[in-house]
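Below is one structure, written out as C-alpha cells, with a few remarks after it.
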Amino acid sequence: MAEEQEIYREYNQDGLNELFIGSMLILNAGLFVIPLMTGIIVLIMLIFGVKIYEKLKQKITEPRLGYVKFQTETGKSVFFSLVLFFSIILTITALALIVISNDPGETDNWYKMAPFFYGLVMIGPSSELVKKSGLKQYWLIAAYAMSQGAIITLITLNNESYGKYDGLVINLLIMGTVFVAVGIVFLVKFVKIPVMEDE
Amino acid sequence: MSEKTELDKIKLDGLIHQPARLKILTLLYAVDEGDVVFIKRKTGLTWGNISTHISKLEDGKMILVTKEIVNKKMRTTLKMTEEGREAFEDYRKELKKVIEYNN
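Quick mapping for you: the protein sequence lines, in order, are chains A and B. By our numbering, the letter at position 84 of the first sequence is numbered 84, and the numbering carries on one by one without gaps. Numbers given in our numbering equal positions in the second sequence, counted from 1, plus 1000.
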C-alpha cells in the first residue's frame, strides 16, 4: 500500500536501524575475538536492545515525526517462510562449498563459508525493506553483502594461513562498520529536521 | 414511485466522508497506531480541528484513543477499531463505485 510505504520510508530516515544492525554485527565479530566480554555485551543487547532502540526512537524520531507503530505480520506463514528461506540458502551454501572448496569434507571450510552464507542471509532483510518501503534501492544491501561475503570466502577458503573464523570476523567487522557509518550519516541529517510542537 | 438507480444505491458513510476525517482515517488505516503529532504533521490540520474530528471518530467507534505519559510528555495515541477498518474498507468500495459510475 502506497501510504504505508511512504510512512515507512519517512520513519526509516533516522538511521537508527542501521546503527543498531551495525552495532550488533560488530559485537558478533567481537564474540570470536574476546568471547567473554563481548558475550556479556551481546547478552545485555539481546535483553535490553529493543528497549534501548525504543527509547532512542522516543527521544530522536518521535519528537520530529510523531509516534507510529507499523502493522506486523505474524503467525505460521512467517515461520514457514523463514524455514524455507534458510533451507534454500543453506543448500546454496553447501553446493557452493562443494564446487569451490578443495576439501569440502574439512569442517574448517564450512566455517569459512560463513561470509558467503551471511551475504545470502541479507537477501531476507533486503526484500523485506523493499516490500515495506517500495524502494528497490534496498536490494543494494543484499548485493553488497553477497559480493563482500563471496569475495572474503573466496580469499580465505582454500588458504590455510586464515583461521576458520577469520573470514567471518572480517566480514562482520566491515559490514558492521559500513552500517554504523551509514547510520551516523542518516542520523546527522535526520536531527536537522525541526522538532514538532507539542499537542 | 421512481425506481432506484445505481447511483442511489451507493452509500457513502457520512462520518468518513469529510475531508479532515478522511485524511485521519487514511493515515490510521495504513499503520497499526499513531499519535496526534503524526496526524498533525501529515494532515496539516490545527490541534483544534484534530481534537474535534478525533472526538467524532471516537464517538462513532471508528477509533480508539489512549493517553499516556511518555518521556514526561502526554502522548495521545489513535488506533482504528476493527469496526472502523471494516467501515473504511466499505467506504473505499462505495467510493470506487462513484468513480466508476461515469466511466
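Heads up, the beta-carbon is just placed ideally off N, CA and C, and yes, glycines get one too. This one's a predicted model, so the numbers in the text were calculated from it and none came from an experiment.
Hey, could you find the ends of the beta strand (DSSP E) residue i is sitting in?
i, result
"I1069 of chain B", "I1063 to V1070"
"M1074 of chain B", "K1073 to M1080"
"G1034 of chain B", "E1033 to D1035"
Would you call residue i buried or exposed, if buried means 16 or more other Cβ atoms sit within 10 Å of its Cβ?
i, result
"F1088 of chain B", "buried"
"D1035 of chain B", "buried"
"A29 of chain A", "buried"
"P194 of chain A", "exposed"
"T61 of chain A", "buried"
"T1066 of chain B", "exposed"
"S147 of chain A", "exposed"
"K1042 of chain B", "buried"
"I89 of chain A", "buried"
"L1007 of chain B", "exposed"
"E1086 of chain B", "exposed"
"Y1101 of chain B", "exposed"
"E10 of chain A", "buried"
"G39 of chain A", "exposed"
"I7 of chain A", "buried"
"F80 of chain A", "exposed"
"G75 of chain A", "exposed"
"V99 of chain A", "exposed"
"V180 of chain A", "buried"
Cβ atoms of residue j and residue i: under 8 Å apart, would you say?
i, j, result
"I1016 of chain B", "L1028 of chain B", "no"
"V201 of chain A", "G15 of chain A", "Chain A is shown only over 1 to 199; residue 201 of chain A falls outside these bounds and no answer can be derived."
"D1013 of chain B", "Y1091 of chain B", "yes"
"N12 of chain A", "S133 of chain A", "yes"
"I34 of chain A", "L172 of chain A", "no"
"M1062 of chain B", "G1084 of chain B", "yes"
"A145 of chain A", "G119 of chain A", "yes"
"G66 of chain A", "M175 of chain A", "no"
"L31 of chain A", "L187 of chain A", "no"
"M24 of chain A", "M45 of chain A", "yes"
"G167 of chain A", "T156 of chain A", "yes"
"Q58 of chain A", "N1103 of chain B", "no"
"A1030 of chain B", "E3 of chain A", "yes"
"V42 of chain A", "F1038 of chain B", "no"
"K1073 of chain B", "D198 of chain A", "yes"
What are the start and end residues of the alpha helix (DSSP H) that includes residue i?
i, result
"G1008 of chain B", "Residue 1008 of chain B is actually Asp in this sequence, not Gly. Run containing D1008 of chain B: E1006 to K1009, per the alpha helix (DSSP H) assignment."
"L140 of chain A", "W139 to L157"
"D1059 of chain B", "W1047 to D1059"
"S133 of chain A", "I123 to S133"
"T38 of chain A", "P35 to L56"
"M175 of chain A", "D166 to F190"
"S81 of chain A", "K76 to I100"
"L1028 of chain B", "P1019 to A1030"
"I1016 of chain B", "From DSSP, I1016 of chain B is part of no alpha helix (DSSP H); its letter is neither H nor E."
"P194 of chain A", "Per DSSP, P194 of chain A belongs to no alpha helix (DSSP H) and is neither H nor E."
"D103 of chain A", "Where D103 of chain A is concerned, there is no enclosing alpha helix (DSSP H), given that its DSSP letter is neither H nor E."
"Q71 of chain A", "No alpha helix (DSSP H) holds Q71 of chain A; DSSP gives it neither H nor E."
"N109 of chain A", "T107 to K112"
In its own chain, which residues sit with a C-beta less than 7 Å from the C-beta of residue i, not counting the 5 before and 5 after it?
i, result
"N1049 of chain B", "A1020"
"E1094 of chain B", "I1010, K1011 and L1012"
"F116 of chain A", "T93, A96, G149, A150 and T153"
"K136 of chain A", "V130"
"Q5 of chain A", "K132, S133 and G134"
"V1098 of chain B", "I1010"
"L1064 of chain B", "K1079 and T1081"
"D108 of chain A", "K164"
"Y138 of chain A", "S126, L129 and V130"
"I170 of chain A", "I152"
"H1053 of chain B", "A1020, R1021 and I1024"
So, at 8 Å on beta carbons, what are the nonlocal neighbours of residue i in its own chain, with the 5 sequence-adjacent residues on each side left out?
i, result
"I141 of chain A", "M122, P125, S126 and L129"
"G49 of chain A", "F20 and M24"
"L1022 of chain B", "I1016"
Sorted by chain position, which residues of the same chain lie with C-beta nearer than 6 Å to residue i's C-beta, five sequence neighbours on each side aside?
i, result
"E1068 of chain B", "R1075"
"N158 of chain A", "N102"
Within 8 Å (strictly less), CB to CB, does residue i reach chain C?
i, result
"K1093 of chain B", "This model lacks chain C altogether; the protein chains it does include are A and B."
With hydrogens ignored, establish whether the beta-carbon of residue i is closer than 7 Å to any heavy atom of the ligand PLP.
i, result
"N109 of chain A", "Inclusion of the ligand PLP in the displayed structure is not the case, the ligand content being empty and no account of it being possible."
(Q) Within 8 Å, do at least three Cβ pairs link the segment 82 to 89 of chain A to the segment 1053 to 1069 of chain B? (A) no
(Q) Does the segment 102 to 118 of chain A come into contact with the segment 147 to 164 of chain A, if we say contact requires no fewer than three beta-carbon pairs (one atom in each stretch) closer than 8 Å? (A) yes
Q: Taking 8 Å as the threshold, find out whether the segment 1071 to 1081 of chain B comes into contact with the segment 92 to 107 of chain A through three or more Cβ pairs.
A: no
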